[in-house]
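Engineer:
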Amino acid sequence: MSVGSGIATGKIILMGEHAVVYGEPAIAFPFSGAKVQVEIIDSTTNTLISSYFHGSLSDAPPHMKNVKTLLLRLQQDFQTAPFQTTIVSTIPSERGMGSSAAVAVALTRAFFDWIDHAYTKEELMVYVDFSEKIAHGNPSGIDAAAASGHDAIYFIKGQPITSFPLTIDGYLLVADTGIKGQTREAVKSVAHLFDTEPTVARQAIQQLGQETKAAKQAVINNQLTALGQAMDHAHQALQQLGVSNDRLDHLVATARQQGAYGAKLTGGGRGGCLIVLTDTREKAETISHILLSEGARATWIQGLGVYEHV
77 MSVGSGIATG
87 KIILMGEHAV
97 VYGEPAIAFP
107 FSGAKVQVEI
117 IDSTTNTLIS
127 SYFHGSLSDA
137 PPHMKNVKTL
147 LLRLQQDFQT
157 APFQTTIVST
167 IPSERGMGSS
177 AAVAVALTRA
187 FFDWIDHAYT
197 KEELMVYVDF
207 SEKIAHGNPS
217 GIDAAAASGH
227 DAIYFIKGQP
237 ITSFPLTIDG
247 YLLVADTGIK
257 GQTREAVKSV
267 AHLFDTEPTV
277 ARQAIQQLGQ
287 ETKAAKQAVI
297 NNQLTALGQA
307 MDHAHQALQQ
317 LGVSNDRLDH
327 LVATARQQGA
337 YGAKLTGGGR
347 GGCLIVLTDT
357 REKAETISHI
367 LLSEGARATW
377 IQGLGVYEHV
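Everything in the sequence shown is counted per the working numbering, starting at 77 for the first residue and increasing by one.
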């Protein structure tokens with residue numbers, strides 16, 4: 077029996093959420109603390125096994141349309157026999173961690189492995205972008221680029237995505253507030269602030285842009301303190317934009333009180349996740365336990381720089 081396997085990571089927006097819509101830069105990177113694993117094997121019928129659905133691929137629910145359509149396109153393009161697909165993911169959905177892009181990357185890698193097809197990065201991205209357009213309509217491409225690569229992504233709207241090495245030596249703790257992110261509402265809130273208080277909105281957006289540029293240099297130059305300060309200042313600007321909430325602010329403040337180098341919300345806001353920067357795994361684990369006791373739903377830890385694969 078032929079077996080194909082594929083893996084992809086989640087993604088974290090380090091800096092620049094919301095400001096990227098207004099022409100400022102953003103930084104994202106692959107987050108191996110949460111990942112998707114896919115296995116494809118020969119079968120008599122197209123079958124899908126996941127935590128959301130188990131049955132015939134043709135009966136997959138509407139919210140899995142991107143998965144269903146991607147698999148059927150791959151089957152059609154390469155004229156294969158039926159297959160069974162098993163998806164195992166530790167990336168929470170609707171938390172700004174790039175779940176749909178990671179699933180698309182892992183699915184496509186597993187399919188190509190199953191048929192023993194040597195693919196290029198460009199060919200992989202054709203199928204991932206196809207799936208992401210079904211899931212999100214008009215995706216920025218950040219999620220797909222981060223989920224399929226190894227480096228940090230530097231992104232400015234309307235310009236090609238570039239990458240740079242994640243060379244800062246520390247640990248990143250990601251904590252789920254347990255509240256679904258409300259990106260659409262947060263984006264509308266920022267737009268409304270531009271209408272009602274344009275000076276406040278403009279200053280916050282420009283501040284986020286400056287902190288993102290400072291964060292990039294801090295990562296490249298391995299300056300943990302400077303990155304933490306940029307994260308703290310960015311969270312303050314996001315608070316001014318009205319995209320944080322009480323749960324996020326409480327958990328961010330708690331992490332700082334426990335000795336984090338920096339902490340901020342990540343993603344759309346109004347829920348979702350926060351990120352915390354520490355210098356050691358032990359400190360990240362200590363803060364993780366405290367955040368969980370303070371209401372966080374789940375946490376993940378990733379080593380950065382020389383600690384990435386330790």
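Ideal Cβ positions, reconstructed from N, Cα and C, are used throughout, including at glycine.
Using 10 angstroms around the beta-carbon of residue 378, count the other beta-carbons present and answer buried if the total reaches 16, otherwise exposed.
Structural biologist: buried
Engineer: If I follow the unbroken beta strand (DSSP E) through residue 281, where does it start and stop?
Structural biologist: Looking at the DSSP string, residue 281 is not in any beta strand (DSSP E); the run it does join, the alpha helix (DSSP H), is 274-296.
Engineer: Work out the CA separation of residue 346 and residue 258 for me, nearest whole Å.
Structural biologist: 5 Å
Engineer: Out of curiosity, what's the CA-to-CA distance linking residue 273 and residue 95?
Structural biologist: 16 Å
Engineer: Got a sec, what are the start and stop residues for the alpha helix (DSSP H) residue 362 sits in?
Structural biologist: 357-369
Engineer: Given this structure, state the Cα-to-Cα distance separating residue 352 from residue 202, to the nearest angstrom.
Structural biologist: 34 Å
Engineer: So, does the stretch 77-97 touch the stretch 357-367, judging by three or more C-beta pairs under 8 Å?
Structural biologist: no
Engineer: Figure out for me which residue from 344, 288, 207 has the closest Cα to the Cα of residue 318.
Structural biologist: 344
Engineer: Please give the ranges of any beta strand (DSSP E) in the stretch 145-213, keeping only runs that are unbroken, at least 3 residues long and fully inside the region.
Structural biologist: 159-165
Engineer: Excluding the 5 residues flanking residue 374 on each side, which residues of the same chain have their C-beta closer than 6 Å to its C-beta?
Structural biologist: 252
Engineer: Judging by CA-CA distance, which residue of 112, 117, 107, 109 is the nearest neighbour of residue 79?
Structural biologist: For the residues 112, 117, 107, 109, the minimum Cα distance to residue 79 belongs to 117.
Engineer: Could you pull the start and end residues of the alpha helix (DSSP H) that residue 307 belongs to?
Structural biologist: Here the alpha helix (DSSP H) through residue 307 covers 300-316.
Engineer: Applying the criterion that 16 or more other CB atoms from any shown protein chain within 10 Å of the CB defines a buried residue, is residue 292 buried or exposed?
Structural biologist: buried
Engineer: Among residues of its own chain, excluding the 5 on either side of residue 150, which ones have a beta-carbon nearer than 6 Å to its beta-carbon?
Structural biologist: Correct list, in chain order: 187.
Engineer: Go through the stretch 332-357 residue by residue and report every complete run of the beta strand (DSSP E) that reaches 3 residues or more, in order.
Structural biologist: 338-342, 349-354
Engineer: Which value, in whole angstroms, describes the spacing of the CA atoms of residue 299 and residue 289?
Structural biologist: 13 Å
Engineer: Can you give the Cα-Cα distance for residue 205 and residue 137, rounded to whole angstroms?
Structural biologist: 21 Å
Engineer: Give the list of continuous beta strand (DSSP E) stretches no shorter than 3 residues that lie fully inside the stretch 105-149.
Structural biologist: Within the stretch 105-149, the complete beta strand (DSSP E) runs of at least 3 residues are 123-125, 130-132.
Engineer: Since residue 237 is in the alpha helix (DSSP H), which residue starts that stretch and which ends it?
Structural biologist: Per DSSP, residue 237 belongs to no alpha helix (DSSP H) and is neither H nor E.
Engineer: Helix, strand or coil for residue 30? Go by DSSP, reduced to three states.
Structural biologist: Past the boundaries of the shown model lies residue 30; the chain is included only from 77 to 386, so the question cannot be answered.
Engineer: Can you tell me whether residue 372 is helix, strand or coil according to DSSP?
Structural biologist: Coil.
Engineer: Kindly indicate the opening and closing residues of the alpha helix (DSSP H) around residue 218.
Structural biologist: It spans 218-223 - the alpha helix (DSSP H) in which residue 218 sits, taken as one unbroken run.
Engineer: Under 8 Å by Cβ, that's how I've got residue 112 and residue 178 pegged, so tell me the actual separation to the nearest angstrom.
Structural biologist: Correct: roughly 5 Å between the Cβ atoms.
Engineer: Smallest Cα separation from residue 305: which of 354, 376, 278, 124?
Structural biologist: 354
Engineer: Considering Cα atoms alone, identify which of 245, 168, 277, 241 is closest to residue 20.
Structural biologist: Coverage of the chain is limited to positions 77 through 386, which leaves residue 20 absent and any answer about it impossible.
Engineer: Does the structure place the stretch 168-182 close enough to the stretch 216-233 that three or more beta carbon pairs sit under 8 Å?
Structural biologist: yes
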